[in-house]
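*Asks:* Quick one: this structure, given as structure tokens, is what I'll be asking you about.
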DNA sequence: TAAACTTTGCAATGGCATTGCACTCCTTAA
DNA sequence: TTAAGGAGTGCAATGCCATTGCAAAGTTTA
């Protein structure tokens, strides 16, 4: 397990510090998008700004992507290994309004519609709110 | 023009105060989604909290909908007259990353994909970022 | 081993949404 | 016509979250 995490970092040329390993492991285990506060709560003794900067480093190296789910707090979720956060990598996110958890629906790619004349798309953020399978 | 605005309010049983007429007119004229700060700047002498509460009233009566375009500030845009802000009323929004303006693409309804088993959709927020026709 | 760089923790700061409270305005009923 | 009640408004907080400056701690390199 530890190897897998370290490999993920190596793949993106990010030095494996203790904090980074922890955050990455956490994101892998939870299998959903987490906010800064949620992450902070899971660690107890780690500083929020350190986690913030860890996540920033991760973003810059395509390890995680940010999700704006309208909850007020930005959520962070793991990217696939071959992700470069392009329009093609964007996928739908799902916010359960009951448990407040946000999931990546990686198997549900975003279909970009034809836009009005002169409009060009670079990035898409598609969020669906509803009830997840656990809360049904 | 004034009649049109007053009618819109009457249609939703919202009392036409000066502030409400102004805000509604503004949203109609701009033909795009505006943030609280943008609205405040357009009026100069009106208080932000009044505008906020005006918009809240509008939301509650399906006159405007909120848009989370990831800019940090919530934007507000006019609803159609027959809107009840249901999943079917949701449409795509477009944020131009150059001029920072957000548009409703009312003619581009959101197609909700088939979700994983057990997931049920109640609301969708689909934002596309890119360059608008004016900035191309 | 010392210098240079990176990472971390703490303590701000700033932006935006939201609310409490008092004042004003408008409506209503005696 | 006037007093009372309710709605709307303005001002001044408050709170939450993202972000950053700075110094200490840790790591790498010559």
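Residue numbers (our numbering), protein chains in the order written: chain V, 6 to 141; chain Z, 6 to 141. For glycine and all other residues, C-beta sits at the position ideal for the given N, C-alpha and C.
(1) Cβ of residue 80(V) within 8 angstroms of Cβ of residue 27(V)?
(2) So the alpha helix (DSSP H) residue 55(Z) belongs to, where does it begin and stop?
(3) Can you tell me where the alpha helix (DSSP H) holding residue 42(V) begins and where it ends?
(4) For residue 86(Z), name the three-state secondary structure that DSSP assigns.
(5) Rounding to the nearest angstrom, what Cα-Cα distance links residue 52(V) and residue 14(V) in this structure?
(6) Compare the C-alpha of residue 91(Z) against each of 6(Z), 49(Z), 130(Z), 102(Z) and name the closest.
(7) Is the beta carbon of residue 107(V) less than 8 angstroms from the beta carbon of residue 74(V)?
(8) Taking residue 78(Z) as part of the beta strand (DSSP E), name the residues at either end of that continuous run.
(9) Using a beta-carbon distance below 8 angstroms, is residue 125(Z) in contact with chain V?
(10) Nearest CA to the CA of residue 89(Z): which residue from 78(Z), 104(Z), 140(Z), 70(Z)?
(11) Ignore the nearest five residues each way along the sequence and tell me which others in residue 111(Z)'s own chain have a CB closer than 8 angstroms to its CB.
(12) Under 8 angstroms, Cβ to Cβ, is there at least one residue of chain V near residue 110(Z)?
(13) If you measure between the beta carbons of residue 10(Z) and residue 33(Z), is that distance less than 8 angstroms?
(14) Closest to residue 19(Z) by CA distance: which of 101(Z), 123(Z), 78(Z), 59(Z) is it?
(15) In terms of residues, what are the limits of the alpha helix (DSSP H) holding residue 187(Z)?
(16) Less than 8 angstroms between the beta carbons of residue 17(V) and residue 68(V), yes or no?
(17) Is the shortest distance between the beta-carbon of residue 65(Z) and the beta-carbons of chain V less than 8 angstroms?
*Replies:* The answer reads as follows:
(1) Position 75 of the first chain, counted from the first residue, corresponds to residue 80(V). Position 22 of the first chain, counted from the first residue, corresponds to residue 27(V). Note that the C-beta distance between residue 80(V) and residue 27(V) is not below 8 angstroms.
(2) As a first step, residue 55(Z) is located in the second chain; it is residue number 50 there, counting from the start. That run of the alpha helix (DSSP H) goes 53-65.
(3) The residue given as residue 42(V) occupies position 37 in the first chain. For residue 42(V), the enclosing alpha helix (DSSP H) starts and ends at 41-48.
(4) Taking the second chain and counting its residues from 1, the one referred to as residue 86(Z) is at position 81. DSSP places residue 86(Z) in coil when its eight states are reduced to three.
(5) Position 47 of the first chain, counting from 1, holds the residue named residue 52(V). Position 9 of the first chain, counting from 1, holds the residue named residue 14(V). The straight-line gap from Cα to Cα measures roughly 21 angstroms.
(6) For the purposes of this step, residue 91(Z) is identified with residue 86 of the second chain, where counting begins at 1. Among 6(Z), 49(Z), 130(Z), 102(Z), the Cα nearest to that of residue 91(Z) belongs to 130(Z).
(7) Within the first chain, numbered from 1, the residue matching residue 107(V) stands at position 102. Within the first chain, numbered from 1, the residue matching residue 74(V) stands at position 69. Contact flag set, yes.
(8) Counting from one through the second chain, the residue named residue 78(Z) turns up at place 73. Boundaries cannot be given for residue 78(Z), as no beta strand (DSSP E) includes it and DSSP labels it neither H nor E.
(9) On the second chain, residue 125(Z) is found 120 positions in, with the first residue counted as 1. Residue 125(Z) counts as touching chain V.
(10) Position 84 of the second chain, counted from the first residue, corresponds to residue 89(Z). Measuring from the Cα of residue 89(Z), the nearest candidate turns out to be 70(Z).
(11) Along the second chain, one-based indexing puts residue 111(Z) at 106. Hits under 8 angstroms: 85, 96.
(12) Taking the second chain and counting its residues from 1, one reaches residue 110(Z) at position 105. Yes, contact with chain V.
(13) Position 5 of the second chain, counting from 1, holds the residue named residue 10(Z). Position 28 of the second chain, counting from 1, holds the residue named residue 33(Z). Yes.
(14) Counting from one through the second chain, the residue named residue 19(Z) turns up at place 14. The shortest C-alpha to C-alpha distance from residue 19(Z) to any of 101(Z), 123(Z), 78(Z), 59(Z) is the one to 59(Z).
(15) Because chain Z is modelled from 6 through 141, residue 187(Z) falls outside the range shown and cannot be assessed.
(16) Here residue 17(V) refers to the residue found at position 12 when the first chain is read from its first residue. Here residue 68(V) refers to the residue found at position 63 when the first chain is read from its first residue. Yes, they are a contact pair.
(17) Position 60 of the second chain, counted from the start, is the residue given in the question as residue 65(Z). Not closer than 8 angstroms to any Cβ of chain V, the Cβ of residue 65(Z) fails to qualify, so no.
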